[in-house]
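The sequence shown begins at 465 in the numbering used here and counts up by one.
Beneath this line is the structure, given in structure tokens, with notes to follow.
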Amino acid sequence: LKKTRYILTSNRSTLQKKDKDADEDRIIHKGSSLFKTEDIKRQRGYEAKYDELLKQNELLFTLDLVKEKVSQAYKMTDEIKMAEEIGNIMEICQATNNKHFIWFSKLLDNHFEGIIAHATYKISSGKIEGINQKIKTLRRHGYGYPDDEYFFLKVMDVSRKKYVRNQRSHKISD
465 LKKTRYILTS
475 NRSTLQKKDK
485 DADEDRIIHK
495 GSSLFKTEDI
505 KRQRGYEAKY
515 DELLKQNELL
525 FTLDLVKEKV
535 SQAYKMTDEI
545 KMAEEIGNIM
555 EICQATNNKH
565 FIWFSKLLDN
575 HFEGIIAHAT
585 YKISSGKIEG
595 INQKIKTLRR
605 HGYGYPDDEY
615 FFLKVMDVSR
625 KKYVRNQRSH
635 KISD
């Protein structure tokens, strides 16, 4: 299983795309005459390696099946169909008698209501996570603020500012 984590966590379509790139002799790293390195071309055989891994290990095959079913379930917009699909996934996990699959089945069971709600309400926690990250960064940079009130004022200030990605450091006038 050495050097196969990327292959096992990738979708089959991604692996097929990489194999197609290899057929077209796509260069993934341009060589340099200065450092005397040559071009590196995309290797072939990702999908074949993936299929071989699944053939060799029954649990990996089950894992791949569960991965695909979870991916399909999260694309559904009907709560009833999604509930049935999640139920099928939990049954597959229980049938393996593997402690990791059983743990995953319990995890799905404990969060069943929230998972099913995703079919109707496509809500992400991305904004909350972003604000939490801003607060952590501010806390790290502001070691030694005089008091908590000042820190909370800084949090309010940073949360109001509009985020500009890759902001220019100097204004260039025309």
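Where is the CB? At the ideal position from N, CA and C, for every residue including glycine.
Own chain partners of residue i with C-beta closer than 6 Å, once the 5 adjacent residues on each side are dropped
i: T560; result: T526
i: I491; result: D503 and K505
i: K533; result: I553
Proximal residues to residue i (C-beta, below 7 Å), its chain only, five neighbours per side dropped
i: C557; result: V530, F565, I566, F568 and S569
i: A583; result: M540, T541, D542, E543 and M546
i: K494; result: D503
Beta-carbon proximity check, residue i vs residue j, cutoff 8 Å
i: E511; j: R476; result: yes
i: L602; j: K618; result: yes
i: I580; j: K513; result: no
i: R508; j: D483; result: yes
i: I562; j: L523; result: Here residue 562 is Asn; the residue named in the question, Ile, does not match the sequence. Closer than 8 Å, so yes.
Endpoints, the alpha helix (DSSP H) within which residue i is located
i: D528; result: E522 to K539
i: Q639; result: With the chain represented from 465 up to 638, any question about residue 639 goes unanswered, as that position is not in the structure.
i: Q480; result: R476 to D487
i: L472; result: R469 to T473
Buried or exposed by the 16-neighbour rule on C-beta atoms within 10 Å, applied to residue i
i: M554; result: buried
i: E549; result: buried
i: L571; result: exposed
Residue i at chain C interface by Cβ criterion, 8 Å
i: E548; result: This model lacks chain C altogether, as it is built from one protein chain only.
Cutoff 8 Å; reference residue i; Cβ partners in own chain excluding five residues on either side
i: Y609; result: F615 and K618
i: G551; result: none
i: S623; result: I595 and K598
i: S604; result: Ser is not the amino acid found at residue 604; the sequence shown has Arg there. Result list for R604: empty, nothing under 8 Å.
Query raised in the report: Which runs of the alpha helix (DSSP H), 4 residues or longer, sit entirely within the stretch 571-611?
Result: 576-584 and 590-605
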